[in-house]
Amino acid sequence: MSSNKRPANREQRTAAQSTALLRELVAHLRQNRTQLREEWANRITEAQLLTAMTKEELFAEATSVYDNYVEALATGTFEALQSYARNLSERIIPRGVETHEVVGIVLLLRDVLARSLFAKYQGDFTMLNRILDAYEPAANRIANTVAVGFVQERERVIRQQQEAIRELSTPVLQVRERLLILPIIGVIDAQRARQLTEQLLRGIRTNRAKVVVIDITGVAAMDATVANHLVQTVEASRLLGATVIVTGLSPEIAQTIVTIGVDLGKMNTVGDLQGGIEQAERLLGYKVIPVADTAAS
Amino acid sequence: MEVPILKQGRFLIATIQAALSDADLLQLRRALIDKVIHFRSNGVIIDVTALDVMDSFATRTLRDITNMIRLRGADTVIVGIQPEVAFAMVQLGLTMEGVATALDLEEGLEHLQHRATGKS
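Here the protein sequences line up with chains P and D, keeping their order.
For the first sequence, the numbering used here gives the first residue as 1, with consecutive numbering after it.
For the second sequence, the numbering used here gives the first residue as 1001, with consecutive numbering after it.
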């Protein structure tokens, strides 16, 4: 029992000590705020980080990062810093700031502060040791928080953009009564194929389409999965009573399809979009005649 | 539940009104064949607009009906498959090959009329 108690006591004591040390540290950092901040800003410029920002902006940003940094050290809570990091990322990501720059400046600040601690306690190595013991874990956690916040924000932006692209990229267009065109551009994955098919089927229903031209000129690559998705789309459309014409198969894609042996026998393919529309018009009983000819006859 | 089969000129129209059990489907098959023979119809429309599920048995039965009716010299069109149903069917590999399909009743009638005039 008593042997258990001792280490616990020691832990408590070291915890209390490190809080006291942190407090001393924070006081030191607040005292030398102007000088340290300036040095940090200079180091950032030297290392050519955050080149997208002007000197004034950089200084203003450095000031608020510094204050938030010291605040996080003082309180030991990271929520405020986290939300600040997120806010900062939101502002600087559109300006093309990279991950290595953000991590770089936070690490630079850590170094600048560590150096100033060295300078202050250089006469007293035991004290310096204890101060660094208290400082390092906290500083690392802060660096971690800021970097993670930045990366998360970035990922959020990327996800948002992916969604926007997905929504934009599958228009179902009516070009004539009962004739729809579905131009596919970009990469088709399972999710997009599903969305595409759903949209097309809904389009067939609402426009009462009889013929659909799917143009895949804009599809860069085609593998077995994508080809099967295409076959499924064609068959589902057929179940609704619509004929599908696939156009714009590039030579490479044609070759891949033949090589992997996807059965496209059920598919109606035409070389290009123009040919596809012309065939669709024939199927629907349209005939396009130049105005001059109708006037002559 | 029994499926009503209506005679409309030379065509028969069977409208499925609710989800059918396997027994109902077989009953529909029997009734349709009988009526095609009885009325000497040359076209059958099966309307499945009300169905929100189409399993493998239903698909197979509909295909069988089509093939049987074809042996009687008549055409069959399945109309009104819902987009979601079509999608699910294709995912399950139930593609009803060789069976004519149309968007709705109107389209189906047009299709049959077209076939009839083409033949004669």
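Cβ coordinates follow ideal geometry from the N, Cα and C atoms, glycine included.
Given the structure is predicted, the values throughout are model-derived calculations rather than measurements.
* If you run the structure through DSSP and keep just helix, strand and coil, what is residue 122/P? -> To locate residue 122/P, count along the first sequence from 1; it is residue 122. Of the three classes helix, strand and coil, the one that applies to residue 122/P here is coil, per DSSP.
* To do: Could you tell me which residues DSSP puts in a beta bridge with residue 180/P?
  => As a first step, residue 180/P must be located in the first sequence, where it is residue number 180. Per DSSP, 174/P and 212/P.
* To do: Please name the residue in 217/P, 230/P and 153/P whose C-alpha comes closest to that of residue 191/P.
  => Here residue 191/P refers to the residue found at position 191 when the first sequence is read from its first residue. Closest option to residue 191/P, Cα to Cα, is 230/P.
* To do: Would you check if the distance between the CB atom of residue 1079/D and the CB atom of residue 1118/D is smaller than 8 Å?
  => Translated into positions along the second sequence, residue 1079/D becomes position 79. Translated into positions along the second sequence, residue 1118/D becomes position 118. Contact: no.
* Neighbourhood of residue 219/P by C-beta, 6 Å cutoff - its chain only, sequence neighbours within 5 removed -> The residue given as residue 219/P occupies position 219 in the first sequence. Once the five neighbours on either side are set aside, the close Cβ partners of residue 219/P are 184.
* Which value, in whole angstroms, describes the spacing of the CA atoms of residue 146/P and residue 68/P? -> Against the first sequence, residue 146/P aligns to sequence position 146. Against the first sequence, residue 68/P aligns to sequence position 68. Straight-line Cα distance between these residues: approximately 11 Å.
* First through last residue of the beta strand (DSSP E) which encompasses residue 219/P -> In the first sequence, counting from the first residue as 1, residue 219/P sits at position 219. Neither: residue 219/P is in no beta strand (DSSP E) and is coded neither H nor E.
* **When 70/P, 111/P and 99/P are compared against residue 40/P, the one with the closest alpha-carbon** => By one-based count along the first sequence, residue 40/P stands at place 40. Comparing Cα-Cα distances from residue 40/P to each of 70/P, 111/P and 99/P, the minimum goes to 111/P.
* Sequence-distant residues of the same chain with beta carbon closer than 6 Å to residue 106/P, five excluded per side -> Residue mapping note: residue 106/P aligns to position 106 of the first sequence, counting from 1. Contacts found: 143 and 146.
* **Three-state secondary structure assigned by DSSP to residue 234/P** => The residue given as residue 234/P occupies position 234 in the first sequence. Helix at residue 234/P.
* How is residue 1008/D classed by DSSP in three states: helix, strand or coil? -> The sequence position of residue 1008/D within the second sequence is 8, counting from 1. DSSP places residue 1008/D in strand when its eight states are reduced to three.
* To do: Measuring alpha carbon to alpha carbon, tell me which of 1010/D, 1017/D, 1043/D and 1098/D ends up nearest residue 1049/D.
  => Position 49 of the second sequence holds residue 1049/D. Residue 1049/D has its Cα closest to that of 1017/D, out of 1010/D, 1017/D, 1043/D and 1098/D.
* Nonlocal neighbours in the same chain, by C-beta distance under 7 Å from residue 149/P, ignoring five residues either side -> By 1-based counting over the first sequence, the position of residue 149/P is 149. Around residue 149/P: 82, 85, 86 and 89.
* Going by beta carbon distance, what residues of the same chain come within less than 6 Å of residue 1111/D, once the five residues before and after it are set aside? -> By 1-based counting over the second sequence, the position of residue 1111/D is 111. Contacts found: 1077 and 1102.
* Quick one: does residue 285/P have its CB under 8 Å from some CB of chain D? -> Here residue 285/P corresponds to residue number 285 of the first sequence, with the count starting at 1. Output row for residue 285/P: interface = no.
* To do: Tell me where the beta strand (DSSP E) around residue 1102/D begins and ends.
  => Within the second sequence, numbered from 1, the residue matching residue 1102/D stands at position 102. Counting along the chain, the beta strand (DSSP E) containing residue 1102/D begins and ends at 1100–1102.
* For residue 268/P, which three-state DSSP category applies? -> Start at 1 with the first residue of the first sequence, and residue 268/P comes out as number 268. Residue 268/P falls in the strand class under three-state DSSP.
* Asked: To which residues of the same chain is residue 131/P closer than 8 Å at the C-beta, ignoring the five residues directly before and after it?
  -> What you label residue 131/P is simply residue 131 of the first sequence in a count that begins at 1. Here the set comprises 21, 24, 25, 117 and 121.
* **Proximity winner among 1081/D, 1071/D, 1062/D and 1091/D, relative to residue 1022/D (alpha-carbon distances)** => Position 22 of the second sequence holds residue 1022/D. When each option's Cα is compared against that of residue 1022/D, the closest is 1062/D.
* To do: Only counting runs of 4 or more residues, tell me where the alpha helix (DSSP H) segments fall wholly within the region 20–97 of chain P, in order along the chain.
  => 33–46, 55–75 and 79–92
* Can you name, in chain order, every residue of its own chain whose Cβ lies under 8 Å from the Cβ of residue 1095/D, other than the five neighbours on each side? -> As a position in the second sequence, residue 1095/D is number 95, starting the count at 1. Around residue 1095/D: 1089.
* Contacting positions in the region 228–249 of chain P - beta carbon closer than 7 Å to chain D -> 232, 235, 236, 238, 239, 240 and 241
* Is there at least one Cβ from chain P nearer than 8 Å to residue 1166/D's Cβ? -> For residue 1166/D there is no data in the structure shown, the boundaries of chain D being 1001 and 1120.
* What is the C-beta distance between residue 209/P and residue 249/P, in whole angstroms, given that I count them as a contact (C-beta under 8 Å)? -> One-based indexing of the first sequence puts residue 209/P at position 209. One-based indexing of the first sequence puts residue 249/P at position 249. Between residue 249/P and residue 209/P the Cβ distance is about 22 Å, and since that is not below 8 Å, they are no contact.
* Kindly say whether residue 177/P, judged by its beta-carbon, lies nearer than 8 Å to any beta-carbon of chain D. => Translated into the one-based positions of the first sequence, residue 177/P becomes position 177. Closer than 8 Å: no.
* Asked: Closer than 8 Å, CB to CB, is residue 196/P near chain D or not?
  -> Here the question's residue 196/P lines up with position 196 in the first sequence. Cβ-Cβ to chain D under 8 Å: no for residue 196/P.
* Asked: How should residue 1/P be labelled, buried or exposed, when 16 other C-beta atoms within 10 angstroms of its C-beta is the threshold for buried?
  -> Locating residue 1/P in the first sequence gives position 1, counting from the first residue. Because the pLDDT at residue 1/P is just 45, under 50, the model does not fix this residue reliably, and the point stays unresolved.
* Work out the CA separation of residue 1053/D and residue 1029/D for me, nearest whole Å. => As a working note, residue 1029/D is residue 29 in the second sequence. As a working note, residue 1053/D is residue 53 in the second sequence. Whole-angstrom Cα-Cα distance: 19 Å.
* To do: Take the Cβ of residue 140/P as the centre, count every other Cβ of all protein chains shown within 10 Å, and call the residue buried at 16 or more, exposed below.
  => The sequence position of residue 140/P within the first sequence is 140, counting from 1. Flag for residue 140/P reads exposed.
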